[in-house]
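In order, the protein sequences belong to chains E and S. So for the first sequence, this note's numbering puts the first residue at 19; every next one is plus one. So for the second sequence, this note's numbering puts the first residue at 236; every next one is plus one. Step one of this worksheet: look at the structure below.
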Amino acid sequence: MKFSLTWLGDHLDTDASVEQIAAKLNAIGLEVEGVEDAAAKLSGFTVAKVLTAERHPNADKLQVLSVDIGDGNPLQVVCGAPNARAGLVGVLGLPGAVVPAGGFELKKSAIRGVESNGMMCSTRELELGEDHDGIIELPADAPVGTPFAQYHGSDPVFDVAITPNRPDCMGVYGIARDLAAAGLGTLKPIAAQALPGSFACPMPIRTDDPAGCPAFFGRVIRGVKNGASPEWMQARLKSAGQRPISALVDITNYVMLAYGRPAHAYDLAKLSGAIFARRAQDGETCLALNGKEYTLDSAMTVIADDKGVHDIAGIMGGEHSGCSETTTDVLLEVAYFDPVRIGDTGRKLNLTSDARQRFERGVDPAFLDAGLELLTTLIVESCGGEPSEVIRAGEPPAGTKVVSYSPAMAETLGGVAIPDDQQRAILRALGFASDARWNVVVPSWRPDVDGAPDLVEEVVRIHGLDNVASVPLPRMDGVARPTATPAQKLERKVRRAAAARGLNEAVTWSFLPEAEAEHFAEGNGGLWVLENPISEDMKAMRPSLLPGLLSAAKRNLDRGASGLRLFELGRRYLRGDAGHSDERLTLGVVLAGEKTPRGWASGKAQSFDAFDAKGEALALLAEAGAPVDNLQVMGEAGPHFHPGQSGTLRLGPKVVLARFGMLHPATLKAFDVDGPVAAVELFLDAIPARKASGFARIAYAPPALQAVTRDFAFLVPVALPAGDLVRTVKGADKANVVSARLFDDFRGQGVPEGQKSLAVEVTLQPGDKSYDEAELKAIAERITTAAAKLGAVLRG
Amino acid sequence: MDYAATAQEAQARIAAAPDLDALEKLRVEFLGKQGSVSALLKTLGALSPEERQTVGPQIHALREGVTEALAIRKAALEQAELDARLAAEQVDLTLPAAQTPRGSIHPVSQVLDELAEIFADLGFSVATGPEIEDDWHNFTALNIPESHPARAMHDTFYFPDVDAEGRKMLLRTHTSPVQIRAMLQQGAPIRIIAPGRVYRSDSDATHTPMFHQVEGLVIDKGITLGHLKWTLETFLKAFFEREDIVLRLRPSYFPFTEPSVEVDVGFALVNGKRVLGGSGDAPGHGWMELLGSGMVGRKVIAAGGLDPDEWQGFAFGVGVDRLAMLKYGMDDLRAFFDGDARWLGHYGFSAFDVPTLSAGVGAGA
């Protein structure tokens, strides 16, 4: 809502300054988004008269003016405008003034060697219009020496954001009422006079859709002349950012903006038969005033005559039946439309208008007659003509409610004690009547108020939220208790562990291009795909954290990054039960480019490999509390991974805790990424919860006797996974073998074709006494026997 | 025999030994089994006690002198050898050490940890809910019925899907549905914050279609706007670690709160950047809209399965990204979600910057 100070003054008798009004508007919940003070903008510009105009001695197109600013000391001003001439009254910008267009400060200067003490301005320079062909020409009797702001009637303009619960404040009058209630002046009564009709309304009016249009009031005014609206009205409309069009159109706009009451004026000559509200027919069209054609359906209410639709009810009039300068007889429509219907229709048509905004929030159902009278009065004043009797088809809803209130609630809910009589006075000023038992009658213009808390809000906001004192929340005794859940603790720990391992946390979009999401969607039960994405790039919810990270890696590589270690901890979005989502906490890692740059000691740059991915996966799983020693490396990481250089980490055959490895070249190609990328995805939700076991660790003392290490080299079939051998060796003698570590994988010379040599370092921990040779031999025997079951033969 | 002269000669030869090998040869020559000094010692046994009285000490002195000279020379030669080796081992320590990558925590995560820490001290736990929500939790239960203009204001992303109850699925437009879920799950009294991703189909220089919010909810008996004001003041003072935070409460409208309050915070312009602190009405200061809040509406409490005659409370919501920007000085929201490693390195936090109350939750620049 934009309105000028003068306009506010039409309804509010106040001495308050612009600053005071703006502060009060903010304080009572009418947020001031800006105050445009044109007077401030035009300070330093003065009405001035050109006394003489001489050719500039050094320039053909310039003139040297002598300009009177009313103080008897004419100033010399250089001017290039073709219309500058002796006798012209215009606007002079003095040194120090800031030209609104361009924002530069005028200075006393010499132009081609001639001193100039200011600038005669065009309308464009003052942002008052587009004209830049010459300087402003004011009427010859304009008072020379008067500040131009004062002459021009520049008026501060408030821009106020109206919350959707306050349709009453979508008119200047409603804002004035709020300000008056807040003690900033006196509300002036609405000066609507009843103009009785002198003849029966010649146009039948009815509503055939009482649900969508419960009330349709109207009358004809005949013999009007639709010229320009009065200056005062034009000034007010301009302050609201509206372009004056013609008296009839301006008057309906003015009543809407001043009183929040939309209306429509039809050119009677363009209507035939009767005019009535009805449901649209499916597929029926209406060419609206914005020049666009809308296809309607039977859920929408329209205003039509016998021939067709003339108005998308409550939203926008039709192009064909609007008023023009040739209009002589006008039909006024003042109706009440169902707010829900208006909202639904507007959304469906994707059509917003000032009228829709008011109707869908709820106009005052008791203001139809008053609105019609205001319109009639203004039309007759400006356009002449003779009003008919009023036809009232249907009846608006009563719109009054009674709310049971307790003034104690100001304190028990609002946190501020306000004396009862003061509360009553505030409510009265806002139009709420209340009886001795605090049954409060809500005024018809406040559809938002339907309970006692609403009244608390009214009372507290007018009394002032500043008066609400801070009150500490009650606090438990002692130190604050821990609140994080196990899942939250895990998330925090893993995040910091990843960062401590040198990975950079990224946050990427939850949505992806559908094709990219599809690439990673394997086995996830179908993507969540948006109906109304903002772009095709943000369409499907991510089924994996890898595509977002991979795209981020690509952007980094494109910007010249050499090596990247990115991770993200967030949700992936799967299908759950009963049509709900299943959002699982996941950690993704992407390792791209160089692992180590070329170096004086390390030689050539090294790329990441699948074991880097495995290392991250195991380290982070360990931090997450997963039983990493029990995990098996298995296959089936998914089609986006390199089939020979990827795997899953599983707890048992089914529970997948992580997938890792090198990404598939086809995936890299699809993402347009050069060269090998290692990736990890940890499924944090799959990690079994640990039993809470207090803080004490399992008892432990380092063994007294030193551990013994023995190396075993086996020849095994090439296809045997090394991990199987290590697990078998480790399990061969659980009493003695505490660890088994593979340290060599050799194939080639000395190893038969189809076989490889795997060397394992086994650590043996003696218990009470040291091993003797026989014991060591027996242990070695058990290890080789167990390994033999895998086809492993001890190398000689 | 002139033992002293012999000793002198032997010591001179030992001192002149050029290396450890030569020294070893001299040791063998003098003190080895067949050595000349060893041979002299062996002669003692054949001497008479009187001769032994005179000759014995001289021979022993000779042996000790030789032994000592050998030890001294050996130490000197070893030192020289070590010096030579160390000199040869010298490296240029201006060469770079191997680089280890430096990881980082994203500012959003860091700020969420800070919020959790502050609110834990006030007795709030952290609650979560789904981002793919249904329209009942996101709108209807929050007193935003189907046709409410506020629903349109939310720029909602919808899915074509409905859930088993026929509710339209969408991306949550705010964290407020967690209020409903928390009340339904936990009952009352309740103190939670609910941080997370939220979505609006809005994209320009200052809006991204995805951003982070944190919701706060207190439901208890006798909770008023005064508690809300105190909680927000206390939180913001703790978060920004400034005692001069000044709030301005403005009446506003949210369908799910009544009364509704928008909260502005005072700031000063310092070198073109907004620095929170001081009254927005003070010279050189201004007010900035930061939070939406209010007393939870009766319908919302009822939708949460609680009796609004028994329970009341407040809720608030604030942009996490915005808090991060205000505190740590980033000025481009879009960069938060770009994953530029340079940005992450610059604005990110060390893994060890764990927010604690004792150290102050913020991490210094």
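Backbone N, C-alpha and C define an ideal beta-carbon position, used for all residues, glycine too. Here the structure is a predicted model, which means the values were calculated and not measured.
For L675 (chain E) and L649 (chain E), believed in contact at Cβ under 8 Å, the rounded distance | The beta carbons of L649 (chain E) and L675 (chain E) sit about 7 Å from each other, so the pair counts as a contact at 8 Å.
Kindly indicate if chain S contains any beta-carbon less than 9 Å away from that of G291 (chain E).
-> Judged by the 9 Å Cβ criterion, G291 (chain E) is not in contact with chain S.
Put I797 (chain E) into one of helix, strand or coil per three-state DSSP.
-> Looking at I797 (chain E) - three-state DSSP - the assignment turns out to be helix.
Beta-ladder partner(s) of G548 (chain S), from DSSP = The bridge partners DSSP lists for G548 (chain S) are S:I454.
Cβ shell of R602 (chain E) (< 7 Å), same chain only, five flanking positions each side left out | Counting only residues of its own chain and dropping the five nearest sequence neighbours on each side, R602 (chain E) has a CB closer than 7 Å to the CB of R589, R590, L592, F701 and D703.
Could you tell me whether the stretch 652-661 of chain E touches the stretch 606-622 of chain E, where touching means 3 or more Cβ pairs closer than 8 Å?
-> Cβ pair count under 8 Å is below three, so no.
Beta-carbon contacts of P222 (chain E) that lie in its chain and below 6 Å, excluding the five residues immediately before and after | If we look at P222 (chain E) and ignore the five residues flanking it on each side, its Cβ neighbours are A292.
What residues in the stretch 326-352 of chain S have a beta carbon less than 8 Å from any beta carbon of chain E?
-> Here the close residues are L330, P331, A333, Q334, T335, P336, R337, G338, S339, I340, H341, V343, S344, D348 and A351.
Local conformation of W25 (chain E) per DSSP, three classes = W25 (chain E) falls in the helix class under three-state DSSP.
Under the three-state reduction of DSSP, which class applies to C401 (chain E): helix, strand or coil?
-> DSSP places C401 (chain E) in helix when its eight states are reduced to three.
Identify which residue in E:R279, E:I269, E:P228 and E:S264 has its Cα closest to the Cα of I321 (chain E).
-> The candidate whose alpha carbon is nearest that of I321 (chain E) is E:P228.
Checking contacts by CB at 9 Å: is T441 (chain S) closer than that to chain E?
-> Look at T441 (chain S): its C-beta is not under 9 Å from any C-beta on chain E.
Selection of the stretch 35-55 of chain E by Cβ proximity to chain C, strictly under 8 Å | Among the chains of the structure shown, chain C does not appear; the protein chains present are E and S.
Beta carbon of L448 (chain E): closer than 8 Å to some heavy atom of the ligand MG?
-> For the structure depicted, the ligand MG is absent and the ligand set is empty, with no information on it obtainable.
For the stretch 424-438 of chain E against the stretch 235-242 of chain E, are there 3 or more C-beta pairs whose distance is under 8 Å?
-> Taking a contact to require three or more Cβ pairs closer than 8 Å, the stretch 424-438 of chain E and the stretch 235-242 of chain E do not qualify as touching.
Enumerate, from N- to C-terminal direction, the unbroken beta strand (DSSP E) stretches of 3 or more residues contained entirely within the stretch 409-443 of chain E.
-> DSSP assignment within the stretch 409-443 of chain E yields the following whole beta strand (DSSP E) runs of 3 residues or more, N-terminal first: 409-412 and 419-422.
Given that R533 (chain S) touches chain E, what residues does it touch there, using C-beta distances under 8 Å?
-> Within 8 Å Cβ-Cβ: G469 and P471.
Identify the continuous alpha helix (DSSP H) that holds I249 (chain S) and give its terminal residues.
-> Unbroken alpha helix (DSSP H) run through I249 (chain S): Y238 to A250.
So which residues on chain E does Y582 (chain S) lean against when the C-beta distance must stay under 8 Å?
-> Ordered by position in chain E, no residue passes the 8 Å Cβ test against Y582 (chain S), which lies about 11 Å from the chain.
Would H598 (chain E) pass as a contact of P395 (chain S) if the rule is Cβ separation under 9 Å?
-> With contacts defined as CB atoms closer than 9 Å, H598 (chain E) and P395 (chain S) fail to qualify as a contacting pair.
Rounded straight-line distance, which links the Cα of D256 (chain S) to that of A322 (chain S) = C-alpha separation (whole angstroms): 22 Å.
Under a Cβ-count criterion, where at least 16 other Cβ atoms within 10 Å of its own Cβ denotes burial, should G62 (chain E) be classed as buried or exposed?
-> Residue environment for G62 (chain E): buried (at least 16 other C-beta atoms within 10 angstroms of its C-beta).
Which residues of chain E have a Cβ atom closer than 8 Å to the Cβ of T466 (chain S), listed in chain order?
-> Within 8 Å Cβ-Cβ: L491.
What are the start and end residues of the alpha helix (DSSP H) that includes G111 (chain E)?
-> Element bounds for G111 (chain E): not the alpha helix (DSSP H) but the beta strand (DSSP E), V107 to G111.
Nearest neighbour of S371 (chain E), chosen from E:I333, E:A209, E:L545 and E:A777 [CA to CA] | Among E:I333, E:A209, E:L545 and E:A777, the Cα nearest to that of S371 (chain E) is on E:I333.
Using the beta-carbon count (16 or more within 10 Å), is Q448 (chain S) buried or exposed?
-> In the assembly as shown, Q448 (chain S) is a buried residue. Its beta-carbon has 16 or more other beta-carbons within 10 Å.
Return the CA-CA distance between V769 (chain E) and M652 (chain E), expressed in angstroms with no decimal places.
-> V769 (chain E) and M652 (chain E): Cα-Cα distance of roughly 27 Å.
Chain E residues whose Cβ lies nearer than 9 Å to that of V589 (chain S) | One finds R510 and R514 in chain E with Cβ atoms closer than 9 Å to the Cβ of V589 (chain S), taken in chain order.
Take the Cβ of Q375 (chain E) as the centre, count every other Cβ of all protein chains shown within 10 Å, and call the residue buried at 16 or more, exposed below.
-> By the 10 Å Cβ count, Q375 (chain E) comes out buried.
Within its chain, find whatever has a CB closer than 6 Å to the CB of V698 (chain E); leave out the 5 residues flanking it on each side and keep chain order.
-> Sequence-distant partners of V698 (chain E) (beyond 5 residues in either direction) whose C-beta falls short of 6 Å from its own C-beta, in its chain, are V607, A631, E634, A635 and F678.
Quick one: measure Cβ to Cβ for V343 (chain S) and D556 (chain S), integer angstroms, because I've assumed they're closer than 8 Å.
-> With a Cβ gap of about 6 Å, V343 (chain S) and D556 (chain S) count as contacting.
Does any C-beta atom of chain S lie closer than 9 Å to the C-beta of D315 (chain E)?
-> Nearest CB-CB separation between D315 (chain E) and chain S: not below the 9 Å threshold.
Contacts of G461 (chain S) in chain E (Cβ-Cβ under 8 Å) = Listed by position along chain E, the residues whose Cβ is nearer than 8 Å to that of G461 (chain S) are G433, V434, V486, A487, S488 and V489.
Beta-carbon spacing of H29 (chain E), Y272 (chain E) below 9 Å = Contact: no.
With DSSP as the reference, label V780 (chain E) as helix, strand or coil.
-> Three-state DSSP puts V780 (chain E) in a strand.
Specify whether the stretch 359-378 of chain S and the stretch 501-515 of chain E touch according to this definition: at least 3 beta carbon pairs, one from each stretch, less than 8 Å apart.
-> When C-beta atoms of the stretch 359-378 of chain S are compared with those of the stretch 501-515 of chain E, three or more pairs fall below 8 Å, so the two segments count as touching.
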